[in-house]
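Taking it in order: structure first as structure tokens, then the write-up.
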Amino acid sequence: MRGFEAGRFSVITSLILSVGLVNHVIILPVVLGTAGRDAWISVLLAGALMLFLLLPLATVLRDLGLQPFSAWLKEKGGSFSKLLILVIVGGYLLLESAVTTVDVLTWTNSTYLPDTPPLVTSTVFMLLCIAVVLVGMQAIVYMSCIVLPVVSGLGVFVASGNANRKDYAQLLPLVEHGWGPVLRGVVVSGSGLTEIILFMLLQTYANKPFRPVHLYGSGLFIIMLSLGPTVAAICEFGVFESGIMRFPAFSQWRILRVGRYIEHLDFFAIYQWVSGALIRTSLALCILLELSGIQKRKGKLIALIVIGILLVALTVYPFGDSNQYLFYKAIRPFAFVTQLGLLLYVWALALRKRREGGRLHANGA
6 MRGFEAGRFS VITSLILSVG LVNHVIILPV VLGTAGRDAW ISVLLAGALM
56 LFLLLPLATV LRDLGLQPFS AWLKEKGGSF SKLLILVIVG GYLLLESAVT
106 TVDVLTWTNS TYLPDTPPLV TSTVFMLLCI AVVLVGMQAI VYMSCIVLPV
156 VSGLGVFVAS GNANRKDYAQ LLPLVEHGWG PVLRGVVVSG SGLTEIILFM
206 LLQTYANKPF RPVHLYGSGL FIIMLSLGPT VAAICEFGVF ESGIMRFPAF
256 SQWRILRVGR YIEHLDFFAI YQWVSGALIR TSLALCILLE LSGIQKRKGK
306 LIALIVIGIL LVALTVYPFG DSNQYLFYKA IRPFAFVTQL GLLLYVWALA
356 LRKRREGGRL HANGA
């Protein structure tokens with residue numbers, strides 16, 4: 006049974022905020038550290054791959070309709086297929102929730118709240134996420150409709166405000182160290198861009214199925230969200246400096262100045278970052294609960310408390326920036342292969358059943 010329904014654009018805003026955060030913020034230092042000067046080429050190539058993958062995704066969404074993803078899996082592939090895919094998807098969502106929470110709270114405790122205990126900041130953040138998830142998908146969707154225009158406007162503001170600091174000659178020469186770093190950067194960037202397959206999990210919340218124009222419009226917007234800070238970091242800080250920065254997107258706010266007297270505008274980044282992380286983590290947990298099949302509010306609360314304690318513990322544990330960076334770098338190929346494999350598998354399910362249905366129809370005729 007379907008519950009909450011919203012307009013297609015409203016649902017898309019939540020997906021763009023979620024996928025945009027991981028591309029704009031979380032994996033940006035990994036892309037720059039992996040591909041160096043050619044990081045922007047890696048983003049463009051990964052974007053082209055993502056646009057190509059929207060073709061099979063459109064086929065899956067057409068076959069999926071508005072029914073829940075788990076019900077469609079059981080119908081098309083059977084109970085075992087459903088269980089296997091849901092375990093993989095659930096594990097991935099839990100992993101990305103942990104990465105998002107740890108990253109945003111590491112940034113929080115190292116920039117604007119250095120004297121606040123990590124236990125306090127992480128607990129407050131998780132309580133907010135739990136409250137949003139308990140309200141339901143409608144809270145996430147409606148918040149996204151409000152937050153996305155503001156976040157996008159702030160992005161344009163910082164990009165245009167730093168225009169005089171950009172040296173586009175830093176983008177050349179192309180492929181200075183061969184194609185190896187570029188291709189490794191494609192895998193890293195692609196692991197974020199291919200999260201657009203979340204359309205499969207979100208379509209059931211829309212009042213109408215998504216059309217190809219929605220997929221490609223969202224895809225192009227997400228590519229711009231990835232390309233903008235990548236080019237800006239290289240042009241503003243240089244190849245070496247941008248490659249060793251832990252939070253290059255935030256550093257772009259640190260150097261922003263309006264006129265001669267207005268500066269220290271990096272507090273706007275707090276709104277961008279925290280709101281995006283809240284939407285991304287809440288969305289992942291909401292989908293995770295939906296896939297788990299937990300119906301009772303008490304059961305959802307218990308599950309969220311357990312997950313919340315786990316995420317808070319991960320945040321409080323002193324991993325260190327260097328170890329976090331190495332972990333993010335290590336899981337990116339895994340995330341890319343997982344998402345690509347999932348898309349190809351469900352595409353095969355949609356095509357196989359469609360062909361079988363066509364043969365049965367022909368035999369009946």
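According to my numbering, the stretch in the sequence shown is residues 6 to 370, in order.
Even for Gly, the Cβ is constructed at its ideal location relative to N, Cα and C.
**Prompt:** Between the C-alpha atoms of Y147 and S15, what's the straight-line distance to the nearest angstrom?
**Reply:** Here residue 147 is taken as the residue at index 142 of the sequence shown, counted from 1. Here residue 15 is taken as the residue at index 10 of the sequence shown, counted from 1. In a straight line, the C-alpha of Y147 is about 7 Å away from that of S15.
**Asked** Which same chain residues, not among the five before or five after F9, have their C-beta less than 7 Å away from its C-beta?
**Response** For the purposes of this step, residue 9 is taken as residue 4 along the sequence shown, with counting starting at 1. Take F9, set aside five residues on each side of it, and the residues of its chain with a beta-carbon closer than 7 Å to its own are G141, M142, Q143 and Y210, in chain order.
**Asked** Do you know offhand how far V27's Cα is from P119's?
**Response** Here residue 27 is taken as the residue at index 22 of the sequence shown, counted from 1. Here residue 119 is taken as the residue at index 114 of the sequence shown, counted from 1. Rounded to the nearest angstrom, the two C-alpha atoms are 23 Å apart.
**Cross-strand partners of R262 (DSSP beta bridge)** = On the sequence shown, residue 262 is found 257 positions in, with the first residue counted as 1. Partner(s): E268.
**Request:** List the DSSP bridge partners of A211.
**Result:** As a working mapping, residue 211 is identified with position 206 in the sequence shown. Residue pairing of A211 in beta bridges, as defined by DSSP: A11.
**Request:** Apply the 10 Å Cβ neighbour rule to V193 and answer buried if 16 or more other Cβ atoms are within range, or exposed otherwise.
**Result:** Within the sequence shown, the letter at position 188 stands for residue 193. V193 comes out buried.
**Asked** When we look at the beta-carbon of L225 and count the other beta-carbons within 10 Å, is it buried (16 or more) or exposed?
**Response** Numbered from 1 along the sequence shown, position 220 holds the residue referred to as residue 225. When all chains shown are included, L225 counts as exposed.
**Message:** Rounded to the nearest angstrom, what separates I260 and I227 at their Cα positions?
**Reply:** Locating residue 260 in the sequence shown gives position 255, counting from the first residue. Locating residue 227 in the sequence shown gives position 222, counting from the first residue. Rounded to whole angstroms, the separation of the alpha carbons of I227 and I260 is 24 Å.
**Prompt:** Does the segment 18-35 come close enough to the segment 275-284 to have 3 or more Cβ pairs within less than 8 Å?
**Reply:** When Cβ pairs closer than 8 Å are counted between the two stretches, the segment 18-35 is seen to touch the segment 275-284, the count reaching three or more.
**Candidates G313, I249, F273 and Y276, of which the one nearest T286 by Cα** = Counting from one through the sequence shown, the residue named residue 286 turns up at place 281. Shortest Cα-Cα distance from T286 to any of G313, I249, F273 and Y276 involves G313.
**Prompt:** Using the C-alpha atoms, what's the distance from G248 back to I1?
**Reply:** Absent from the structure is residue 1, since the part of the chain shown begins at 6 and ends at 370.
**Asked** Quick one: is I202 buried, meaning 16 or more other Cβ sit within 10 Å of its Cβ, or exposed?
**Response** Here residue 202 refers to the residue found at position 197 of the sequence shown. Buried: at least 16 other Cβ atoms inside 10 Å.
**Asked** Near A103, which residues of its chain fall below 8 Å by C-beta distance, leaving aside the five closest residues on each side in sequence?
**Response** Along the sequence shown, read from residue 1 onward, the residue named residue 103 stands at position 98. Excluding sequence positions up to five before and after A103, its CB lies within less than 8 Å of the CB of L315, L316 and L319, all in the same chain and listed in chain order.
**Asked** DSSP three-state call for D172: helix, strand or coil?
**Response** Here residue 172 is taken as the residue at index 167 of the sequence shown, counted from 1. The answer is coil: DSSP assigns D172 none of H, G, I, E or B.
**Prompt:** What's the gap between the Cα of I132 and the Cα of T343?
**Reply:** For the purposes of this step, residue 132 is identified with residue 127 of the sequence shown, where counting begins at 1. For the purposes of this step, residue 343 is identified with residue 338 of the sequence shown, where counting begins at 1. According to the sequence as given, residue 132 is Leu; it is not Ile. Take the alpha-carbon of L132 and the one of T343: they are about 30 Å apart.
**Distance between S223 and M55 (C-alpha atoms, nearest Å)** = Indexing the sequence shown from 1 puts residue 55 at position 50. Indexing the sequence shown from 1 puts residue 223 at position 218. Distance between the alpha carbons of M55 and S223 is about 11 Å.
**Item:** Where the alpha helix (DSSP H) through T64 begins and ends
**Value:** Residue numbering aside, residue 64 sits at position 59 when the sequence shown is read from its first letter. Following the DSSP letters along the chain, one finds T64 inside the alpha helix (DSSP H) bounded by residues A44 to L69.
**Request:** Excluding the 5 residues preceding and the 5 following A237 in the sequence, name in chain order all residues of the same chain whose CB lies nearer than 7 Å to its CB.
**Result:** Counting from one through the sequence shown, the residue named residue 237 turns up at place 232. So the list reads A164, N167, K171 and Q257, once near-sequence residues are dropped.
**Asked** Should the segment 37-51 be called in touch with the segment 112-128, which here means at least 3 C-beta pairs below 8 Å?
**Response** Not touching, per the Cβ criterion.
**Three-state secondary structure (DSSP) of K301** = Here residue 301 is taken as the residue at index 296 of the sequence shown, counted from 1. The DSSP-derived three-state label of K301 is coil.
**Message:** With a threshold of 7 Å on Cβ separation, who are the neighbours of Y173 within its own chain once the five nearest residues in sequence on each side are excluded?
**Reply:** Against the sequence shown, residue 173 aligns to sequence position 168. Contacts found: C240.
**Prompt:** When the Cα of Q218 is compared with those of L60, F273, R337 and V35, which residue comes out closest?
**Reply:** Stepping through the sequence shown from its first residue, residue 218 is reached at position 213. The sequence as given places Val at residue 218; Gln does not occur at that position. Nearest option by C-alpha distance: L60.
**Request:** For the segment 320-327 and the segment 61-71, state whether three or more C-beta atom pairs, one from each stretch, are separated by less than 8 Å.
**Result:** The segment 320-327 is not in contact with the segment 61-71.
**Asked** Does the distance from the C-beta atom of V36 to that of G190 stay below 7 Å?
**Response** The residue given as residue 36 occupies position 31 in the sequence shown. The residue given as residue 190 occupies position 185 in the sequence shown. Going by C-beta atoms, V36 is nearer than 7 Å to G190.
**Message:** Measuring only the C-alpha atoms, how far is L98 from G183?
**Reply:** Numbered from its first residue, the sequence shown carries residue 98 at position 93. Numbered from its first residue, the sequence shown carries residue 183 at position 178. Cα to Cα, the separation comes out at about 34 Å.
**Message:** For S327, count the other beta carbons within 10 Å of its own beta carbon; 16 or more makes it buried, fewer makes it exposed. Which is it?
**Reply:** Here the question's residue 327 lines up with position 322 in the sequence shown. Flag for S327 reads exposed.
**Message:** Distance check for W278 and T113, CA to CA, integer angstroms please.
**Reply:** Numbered from its first residue, the sequence shown carries residue 113 at position 108. Numbered from its first residue, the sequence shown carries residue 278 at position 273. Looking at the backbone, the Cα of T113 and that of W278 are separated by about 9 Å.
**Asked** Just to confirm, are L293 and G96 a CB contact at a threshold of 7 Å?
**Response** In the sequence shown, residue 293 corresponds to position 288, counting from 1. In the sequence shown, residue 96 corresponds to position 91, counting from 1. Cβ atoms of L293 and G96: not closer than 7 Å.
**Asked** Of the choices I17, E181, F255 and D271, whose alpha-carbon is the least far from that of I151?
**Response** Residue mapping note: residue 151 aligns to position 146 of the sequence shown, counting from 1. Here the closest residue by C-alpha is I17.
**Item:** Limits of the unbroken alpha helix (DSSP H) element including I93
**Value:** Start at 1 with the first residue of the sequence shown, and residue 93 comes out as number 88. Per DSSP, I93 belongs to the alpha helix (DSSP H) from F74 to S115.
**Asked** From which residue to which residue does the alpha helix (DSSP H) around I135 run?
**Response** In the sequence shown, counting from the first residue as 1, residue 135 sits at position 130. Counting along the chain, the alpha helix (DSSP H) containing I135 begins and ends at P123 to V140.
**Asked** Can you round the beta-carbon distance between L378 and F204 to whole angstroms, since I take them to be within the 8 Å contact cut?
**Response** No information on residue 378 is available, as it lies outside the stretch 6 to 370 that the chain covers here.
**Request:** Thinking P186 and A40 are a contact (beta carbons under 8 Å), I'd like their distance in whole angstroms, please.
**Result:** Position 181 of the sequence shown holds residue 186. Position 35 of the sequence shown holds residue 40. That belief holds up - the Cβ atoms of P186 and A40 are roughly 5 Å apart, short of 8 Å.
**Prompt:** Do L153 and L22 have their CB atoms nearer than 7 Å?
**Reply:** Start at 1 with the first residue of the sequence shown, and residue 153 comes out as number 148. Start at 1 with the first residue of the sequence shown, and residue 22 comes out as number 17. One thing to note: L153 has its Cβ within 7 Å of the Cβ of L22.
**Message:** Using only the alpha-carbon positions, how far apart do E246 and R302 sit?
**Reply:** Residue 246 sits at position 241 when you count from the first residue of the sequence shown. Residue 302 sits at position 297 when you count from the first residue of the sequence shown. Straight-line spacing of the CA atoms in E246 and R302 works out to 49 Å.
**Request:** Give the DSSP-derived three-state secondary structure of I314 in the structure shown.
**Result:** Start at 1 with the first residue of the sequence shown, and residue 314 comes out as number 309. Helix, per DSSP.
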